[in-house]
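Numbering (numbering that gives the first Met the number 0), first residue to last: 0 to 144. Note that the Cβ used here is the ideal one computed from N, Cα and C, for glycine as well. In what follows, a structure is listed as structure tokens, so that the remarks can point back to it.
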Amino acid sequence: MSVAARPPLFTTADRWRTGALVAAGAVTIALSWFFAAGRADAGDQLIFVSLSLVGALLGMAATAGLLRRGRRTVGARTALLLGTAPDTPAATLASTDLVAGPEAKWFHRSDCLLAEGRQWSPAPLAAHRAAGRKACPACQPGASQ
0 MSVAARPPLF TTADRWRTGA LVAAGAVTIA LSWFFAAGRA DAGDQLIFVS
50 LSLVGALLGM AATAGLLRRG RRTVGARTAL LLGTAPDTPA ATLASTDLVA
100 GPEAKWFHRS DCLLAEGRQW SPAPLAAHRA AGRKACPACQ PGASQ
């Protein structure tokens, strides 16, 4: 059984772009420090401090861009994996059959996703309440009964 290769989270171009921008920011900070170190007056150093802040912002912006790209890729993979939620038109009536497992703490509508694929027999609401079961918070059975 072969597993399909998934594309990398970040492309090589993304890595190079981020690396170049972070390096440019680091060089800007280093040069600003170098030129500010030779100035005795704080007023003369102000321009270099401002340039070093620009370098820091450049590095942070590059990292934030890479993070945004990664989040977008993860979101696309999640959507591909999970798909989209099915549309449930308001005209569609919910199932009125209530089901639960023999040792279950919750009872569900028979069309609840948590009860899907289980071969539980329907029972009336009174039987579920007598067994000490609570209504499923996801499908909210018994709300209309």
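Assigned exposure category for residue i - 16 Cβ within 10 Å defines buried
| i | result |
| --- | --- |
| Val48 | exposed |
| Ala89 | Here Ala89 scores only 49 on pLDDT, less than 50, and its place in the model is too uncertain to base an answer on. |
| Arg108 | buried |
Beta bridge counterpart(s) of residue i as assigned by DSSP
| i | result |
| --- | --- |
| Ala134 | Phe106 |
| Ala125 | The partner list for Ala125 (beta bridge, DSSP) is empty, contrary to what the question assumes. |
| Leu97 | Arg108 and Ala122 |
Straight-line Cα distance separating residue j from residue i
| i | j | result |
| --- | --- | --- |
| Pro123 | Val73 | 44 angstroms |
| Thr27 | Pro136 | 56 angstroms |
| Leu81 | Arg5 | 16 angstroms |
| Ala19 | Leu57 | 10 angstroms |
| Ala41 | Thr62 | 31 angstroms |
| Gly131 | Pro7 | 50 angstroms |
| Arg16 | Ala75 | 22 angstroms |
Close Cβ partners of residue i (< 7 angstroms) along its chain, the five nearest in sequence each way excluded
| i | result |
| --- | --- |
| Ala29 | none |
| Trp32 | Ser51 |
| Phe9 | Leu65, Arg68 and Gly69 |
Other residues of its chain near residue i: CB distance less than 6 angstroms, five sequence neighbours each side excluded
| i | result |
| --- | --- |
| Asp96 | Ser109 and Pro121 |
| Val21 | Gly58 and Ala61 |
Quiz item: Taking only runs of the alpha helix (DSSP H) that begin and end inside the segment 20-95, which ones reach a length of at least 4 residues, in chain order?
Solution: Runs of the alpha helix (DSSP H) inside the segment 20-95: 41-81.
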